[in-house]
Amino acid sequence: MNEIANAVNRNIKNNSPNPVLTIAKKEYTDAVKNKLFITLLIFLLVLTLVSIVVSSFGFQGKIADYQNSLKILKDLGKITDVKTPPQFYPLQMLKGVVNYLEIIGAILGIVLGYLSIAKEKGKRTLQLILSRPVKRSDIISGKILGNTLLIFSVLGITMLFIYLIITGIGGALLTSTEIIKLLLTIIFSYIYIMFFFCLSSILTLKISSLTQALVICFTIWLVFVLIIPQIGDTMDPDNQIPGGFFQSMNISKPQEKEIMAKFHTYETTRNAVEESSITKHYERMSFALLGIKDNYNGKNLGYIFKDRWRDSVWLLSFLIITIIIEYSVLSNKNKNFKEF
Amino acid sequence: MNKNINSITNLKERSQILNLQDKKKLEEAVIDVNGLTKRYKDFVALDNLNLQVNKGEIFGFLGHNGAGKTTTVNILTTLLSPTEGSARICGFDIGGNSIDVRKRIGYLPENVKFYENLTAYENLSFFAKLSGIQNPKVKIFEVLDYLEFRGFENKKMGEFSKGMKQRIGIAQAIMHEPEILFLDEPTSGLDPSGVKKLREVILNLNREKHITIFMNTHLLSEVARTCSTIGILSHGSLIYKDSLENTLNKFKDETTLEDIFLNIGNRSKK
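Here the protein sequences come in this chain order: A and B. Under this note's numbering, the residue at position 294 of the first sequence is numbered 942, and the numbers go up by one with no gaps. Under this note's numbering, the residue at position 245 of the second sequence is numbered 227, and the numbers go up by one with no gaps.
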């Protein structure tokens, strides 16, 4: 047996290439050559551009309305009633981008997660990888690392695109705090997309039929991303009228709180529905960071995190749980790899 | 040890020599399977399989579809855990020393398609790195030269024919110079010229690189042309194992290996 061991040691030195990095690199290279991935990336960039253009037209509309009101008031001689002009907050222009990331980002995560396992299953390459001197946990680590780089690349390209539009075309300069808030939004977007990546790869690993796995993935996407947040929004009385129900009725914040206190059970139920969806947590966190919700606009990070810490914890918990499940699923050696 | 065993009358001495011979035989057995059983709920895929394959053999593992051949290979290549029993590959236990086992084996599953967006070189480089090869580029070209397959390395795998993919499959399986090569239905789906080329490759690997080959197949014609030893698996149990030469001598009345296979199969049913 020593002869065999020596022969192997001649070829395989101790400082051999790291399998996690090797798998990560392959995942990245393989995905960027995938037409479906490239199509999704282009689609996301086009939607980002459309969303910012629509937001800028909306802001131009607000300015035009303000100018008209100002002119009318001046004509009427009521110059003292003039309100302050609408303020331009560049990050608020990203509301549409966050909404698109909620939908397209989740699809991107599902597609990447599905492909990362389905291509191995269908082509039997997982058997080849598992027959190499590689730990099962290295395979998952490599896949997670490779797709992390891929998702950050997608988000990085999207955010760079946004930055160029806002500063280059819009002429608005971002402050260092705004840049940090943008970077934090990238991190939360990554957590959100990665959750769907893990969820989809777990289901593709567990379910023998690839078609069935994909159908279940998209059913979950439909429930988490579209149905639950929609139910939550529909149950929110303040969402029923543009600009907010209470504001349009000239009801002050203390009065609003007093009214809502009478609907405690209803509000608890509505909140529980919303909190069961990772999409809602992502939306709340991103809207707070980007100042899309007016009460967070211009506020420092300490204030935002103090108020929204639960959303960040929920987002992280969703991701950590799926990662743990993914490791345990592939580590199960009783899984019949004949299926792969 | 040079004494003729039949000339030894002392039972103790005879027993000791026989034990030594057994040990030597075991040392030569690079695949040593003992009581391997695999159950999926009520279904028994492998039933108390005992098998030894010696160094340098080309072992043809025959059996009808669903006999348990692929399950055996999956267990021996450490992809799957047995329900009961044990197996040692090159002296390493498949359960406790799976990484050591994997360092010493090459494996080509049935109908492997590789990453079709990547080139042949990128695919080979990936598996070479996973096998711990220090300088993949040199090794890849060395293996491609050996397989007479240079000039295709920059082509995408998606553009390859089945036969070409099998050659890349063999290349990935032998790059790290394994002691044993596991092939699962290697000629499945190949055209006659592809089968012929692959057969030559298998024979050359065994003769020139002294690789022990464990080949799952249901093609008896391939076994007759390639293998030195055959084993027949039926319903998860090994019903026959001997050298090809002995098998052909034992079944002189049968004209083809197909007839021998059916004969053995019928005997086991009785």
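No residue lacks a Cβ here, since even glycine has one placed at the ideal position from N, Cα and C.
Item: Scan the stretch 111 to 131 of chain B for residues whose Cβ lies nearer than 7 Å to a Cβ of chain A and list them as they occur along the chain.; Value: Lys111, Leu112, Ser113, Gly114, Ile115 and Gln116
Item: Identify every residue that forms a DSSP beta bridge with Tyr22 of chain B.; Value: B:Phe25
Item: For chain A, is any of its Cβ atoms less than 8 Å away from the one on Tyr97 of chain B?; Value: yes
Item: I believe Ala102 of chain B touches Glu66 of chain B by the beta-carbon criterion, under 8 Å. Please report the beta-carbon distance rounded to the nearest angstrom.; Value: At roughly 41 Å, the Cβ-Cβ gap does not stay under 8 Å, so Ala102 of chain B and Glu66 of chain B are not in contact.
Item: Using CA coordinates, which residue listed in A:Ala920, A:Gly946 and A:Ile971 is at the minimum distance from Arg958 of chain A?; Value: A:Ala920
Item: Looking at the structure shown, is Thr194 of chain B part of a helix, part of a strand, or coil, going by DSSP?; Value: strand
Item: Quick one: grab the DSSP three-state call for Ala153 of chain B.; Value: helix
Item: Between which two residues does the beta strand (DSSP E) harbouring Leu742 of chain A extend?; Value: Per DSSP, Leu742 of chain A belongs to no beta strand (DSSP E) and is neither H nor E.
Item: Determine, using beta carbons only, whether Glu190 of chain B comes closer than 8 Å to chain A.; Value: no
Item: Output yes if chain A places a C-beta closer than 8 Å to the C-beta of Glu227 of chain B; else output no.; Value: no
Item: For the putative contact between Gly880 of chain A and Lys954 of chain A, defined by C-beta atoms under 8 Å, what is the C-beta separation to the nearest angstrom?; Value: With 8 Å as the limit, Gly880 of chain A and Lys954 of chain A do not qualify as a contact, their Cβ atoms being about 23 Å apart.
Item: Given a limit of 9 Å on CB to CB distance, which residues of the stretch 78 to 91 of chain B reach chain A?; Value: Ser80, Ile81, Asp82, Val83, Arg84, Lys85, Arg86, Ile87, Gly88, Tyr89, Leu90 and Pro91
Item: Could you pull out every residue in the same chain whose Cβ sits closer than 7 Å to the Cβ of Leu8 of chain B, ignoring the five residues on either side in sequence?; Value: Because the pLDDT of Leu8 of chain B is 49, which lies under 50, any placement of that residue in the model is unreliable, and the question is left without a value.
Item: Would DSSP call Leu100 of chain B helix, strand or coil?; Value: coil
Item: Using a Cβ cut-off of 7 Å, pull out every chain B residue sitting near Asp881 of chain A, in sequence order please.; Value: The premise fails here: Asp881 of chain A is roughly 40 Å from chain B at the closest Cβ pair, so nothing lies under 7 Å.
Item: Only counting the same chain, and skipping five residues up and downstream in sequence, which positions put a Cβ closer than 7 Å to that of Leu862 of chain A?; Value: Tyr762
Item: Check whether the Cβ of Leu0 of chain B lies closer than 8 Å to any Cβ atom in chain A.; Value: Interpretation of Leu0 of chain B is limited by its pLDDT of 47, a score under 50 that renders its predicted location unreliable; the figure taken from the coordinates is listed afterwards. It does not; no Cβ of chain A falls within 8 Å.
Item: I think Leu803 of chain A touches Ser837 of chain A, with their Cβ atoms under 8 Å apart; what is that distance to the nearest whole Å?; Value: 5 Å
Item: Give the DSSP-derived three-state secondary structure of Asp241 of chain B in the structure shown.; Value: helix
Item: Taking contact to mean 3 or more Cβ pairs, one atom from each stretch, closer than 8 Å, check whether the stretch 934 to 949 of chain A and the stretch 889 to 909 of chain A are in contact.; Value: no
Item: If you count every other CB in all the chains shown that lies within 10 Å of the CB of Pro174 of chain B, and 16 or more means buried, which is it?; Value: exposed
Item: Could you give the first and the last residue of the continuous beta strand (DSSP E) run that contains Phe43 of chain B?; Value: Ile40 to Gly45
Item: Mind listing the chain B neighbours of Leu776 of chain A? Cutoff is C-beta to C-beta under 9 Å, in chain order.; Value: Tyr89, Leu90, Pro91, Val94, Phe96, Phe109, Leu112, Gly151, Gln154 and Ala155
Item: Using a Cβ-Cβ distance under 8 Å, would Thr916 of chain A count as near chain B?; Value: no
Item: Which chain B residues sit within Cβ distance under 8 Å of Thr773 of chain A?; Value: Val94, Lys95, Phe96 and Tyr97
Item: Looking at the C-beta of Leu61 of chain B, does it have a partner C-beta in chain A at a distance below 8 Å?; Value: yes
Item: Take Ile875 of chain A as the anchor and find which of A:Glu923, A:Leu724, A:Gln895 and A:Leu739 has the nearest alpha-carbon.; Value: A:Glu923
Item: Would Leu978 of chain A and Leu853 of chain A be called neighbours here (beta carbons separated by less than 8 Å)?; Value: yes
Item: Around the C-beta of Leu126 of chain B, are 16 or more other C-beta atoms found within 10 angstroms, so that it is buried, or is it exposed?; Value: buried
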